[in-house]
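Heads up: the structure comes next, in structure tokens.
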Amino acid sequence: MRIKIVGAGPAGLQFAALMKRHDPTHDITIYERSPRDATWGFGVVFSDRALEFLRADDPDLVAYLEPHFERWPEITIVHNDTRIPVAGNGFTSIGRLELLSLLYAYVERLGVKIEFETEMNSFEALGPADLIVAANGAFSWIRQENEQKFGTSVDWRPNRFIWYGATKPFNSLTLTFRETELGVFCAHHYRYAPDRSTFLVELEEETFRRGGFETMSPEDTIAHCERVFAKDLEGHRIISNNSHWRQFPAVWNERWSFDNVVLIGDALRTAHFSIGSGTRLAMEDSIALFQALKQTGNDVQKALPLYRDIRIKPMKAIWDAANVSLRWYERMDELIKLDPIDFAYSYMTRTGRVDHAEVKRRDPALAQAWEKLHAGEARAKG
Ligand SMILES: Cc1cc2nc3c(=O)[nH]c(=O)nc-3n(C[C@H](O)[C@H](O)[C@H](O)COP(=O)(O)OP(=O)(O)OC[C@H]3O[C@@H](n4cnc5c(N)ncnc54)[C@H](O)[C@@H]3O)c2cc1C
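Heads up: the sequence shown runs through residues 0 to 381, numbered per numbering that gives the first Met the number 0.
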């Protein structure tokens with residue numbers, strides 16, 4: 000097959016790898032607008048569960064990536080000055096550029112061509128192909144120019160976030176919530192390399208407005224965040240990589256393909272970063288598309304509807320959870336008023352996918368502390 004992929008992110012690269020590994024006669028080209036050695040953001044995380052799913056579907060690739068992962072067994076919730084470690088939530092992380100560089104090498108070894116610094120902006124420029132894969136991220140022109148065909152909806156969420164890094168290697172995936180006179184500042188931070196962490200700062204819309212961040216210079220914005228999180232950074236610096244305030248677009252598409260064009264990864268749907276699953280979902284889309292092609296003997300017209308059938312149920316469950324999770328962060332100024340134990344418990348159970356029994360299984364100490372806190376209420380209720 001002649002396959003043209005727009006976008007060398009995790010989705011496009013993994014799809015290319017699966018197809019080429021299965022059948023080296025496929026002619027696969029990926030067009031990527033960025034240079035080989037540049038990307039946005041810092042590190043990304045995979046939960047242990049996410050990695051298990053990926054390992055089951057593509058053990059070769061996970062074995063190849065695994066030596067490069069940072070790992071930790073727990074997450075930590077910081078409620079102002081109270082630290083609450085929550086066990087039973089294992090994560091791994093890797094720098095986004097390192098992940099992409101490893102994937103570039105992997106697919107190129109298989110014989111996939113990647114044309115870097117090539118912005119592909121029309122079907123005419125792409126030329127003839129048996130299959131066109133839109134793996135060009137949350138702002139995919141292929142999706143935007145065909146919204147009617149795809150049945151696209153984009154829900155812009157009100158919180159603001161900025162994706163920074165930090166020079167401090169934090170010891171676990173940590174969610175730090177600090178109350179200030181402007182409102183709550185939340186940092187999602189974790190080590191992704193021995194000397195670097197992702198440090199993503201999120202604010203409610205009102206806090207963003209009150210702080211005047213819309214017009215604040217990049218230097219003053221970093222200085223402000225460093226002051227808010229001084230106790231957490233312990234003298235380390237926040238670093239920028241073209242970092243700027245953004246709102247999260249929750250993207251969904253009713254239909255995933257037309258003719259020989261198909262959406263995968265963030266182009267298909269975005270999942271809020273607070274559940275750490277965007278990269279995993281992007282890679283699982285690729286796996287499902289590959290399986291659909293394999294099952295139909297590369298019959299594109301049969302494979303594309305099958306891809307949606309295979310993928311919709313597990314993908315939608317995580318997408319729904321991500322949308323509940325992002326709404327929890329939109330209430331953080333109200334939730335921070337809770338007792339720290341209640342706050343951590345509310346965080347753990349926010350998506351509805353973790354109930355009390357599951358909290359107890361993952362972290363008996365947290366479950367016990369929460370039961371103790373609410374023992375009086377339970378007695379009062381009779
Ligand atoms: C702040 C933030 C934090 C995140 N944290 C995590 C996390 O911890 N864990 C996690 O799993 N996920 C995380 N994600 C999500 C994750 O980054 C995405 O879900 C994932 O990268 C999607 O992969 P993709 O291949 O679909 O798209 P992308 O990674 O966005 O790749 C798309 C590629 O297409 C290229 N491109 C776009 N247009 C064109 C064009 N016209 N021509 C050529 N090339 C083009 C882009 O340059 C890009 O390289 C985060 C996202 C954000 C915004």
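Quick reminder that beta carbons are idealized off the backbone N, C-alpha and C, glycines included.
| query | result |
| --- | --- |
| With DSSP run on the structure shown, which of helix, strand or coil describes E65? | helix |
| Nearest-angstrom Cα distance between V299 and G110? | 22 Å |
| Pick out whichever of L202, Q147, K148 and V153 has its Cα sitting closest to the Cα of L174. | L202 |
| So is the beta-carbon of G126 under 7 Å away from any non-hydrogen atom of ligand 3? | Ligands in the displayed structure: ligand 1; ligand 3 is not one of them. |
| Would you mind giving the Cβ-Cβ distance between L17 and F289, rounded to the nearest angstrom? I have them listed as a contact below 8 Å. | 4 Å |
| Counting along the chain, where does the alpha helix (DSSP H) carrying A364 start and finish? | P363 to L372 |
| Assuming L199 and F272 are in contact, meaning their beta carbons sit under 8 Å apart, how far apart are those beta carbons, in whole angstroms? | 7 Å |
| Does the Cβ of T206 have 16 or more other Cβ atoms within 10 Å, making it buried, or fewer, making it exposed? | buried |
| Rounding to the nearest angstrom, what Cα-Cα distance links I27 and K112 in this structure? | 6 Å |
| Just reading off the beta strand (DSSP E) that K112 is part of, what are its end residues? | K112 to E114 |
| Per DSSP, what kind of secondary structure is L405 in: helix, strand or coil? | What is shown of the chain runs 0 to 381, which leaves residue 405 out entirely. |
| How many Å lie between D338 and R268 at the Cα? | 35 Å |
| On the three-state DSSP scale, how would you describe T220? | helix |
| Taking 7 Å as the line, does the beta carbon of G164 fall inside it for any heavy atom of ligand 1? | no |
| May I ask you to verify whether the segment 230-239 touches the segment 158-166, counting CB pairs closer than 8 Å and requiring at least 3? | yes |
| If you pair each beta-carbon of the segment 142-158 with each one of the segment 276-288, do three or more pairs fall below 8 Å? | no |
| For T179, I'd like the list of residues in its chain whose CB is within less than 7 Å of its CB, leaving aside the five on either flank, ordered along the chain. | V227 |
| Mapping the DSSP letters down to three states, classify D384 as helix, strand or coil. | Since the displayed the chain opens at 0 and closes at 381, residue 384 lies outside it and no answer follows. |
| Below 8 Å CB to CB, which residues in the same chain sit around Q13 once its five sequence neighbours on both sides are set aside? | D57, L60, L102, A281, M282, S285 and I286 |
| Which of helix, strand or coil does DSSP assign to H235? | coil |
| Is any non-hydrogen atom of ligand 1 found closer than 7 Å to the C-beta of A10, if you look at the structure I gave you? | yes |
| Specify the secondary structure class of F212 as computed by DSSP and reduced to three states. | coil |
| Assuming T279 contacts L96 (C-beta within less than 8 Å), just tell me the rounded distance between them. | Contrary to the premise, residue 279 reads as Arg rather than Thr in this sequence. Rounded, the Cβ-Cβ distance is 18 Å, inconsistent with contact. |
| Rounded to a whole number of angstroms, what is the C-alpha to C-alpha distance between I93 and F41? | 9 Å |
| How close, in whole Å, do the beta carbons of G8 and G275 come, if the pair is a contact with beta carbons under 8 Å? | Going by Cβ atoms, the distance from G8 to G275 rounds to 16 Å, so no, they are not a contact pair. |
| Compute the minimum distance between the beta carbon of Y63 and the heavy atoms of ligand 1, and state whether it is under 7 Å. | no |
| Which same chain residues, not among the five before or five after N297, have their C-beta less than 7 Å away from its C-beta? | M0 |
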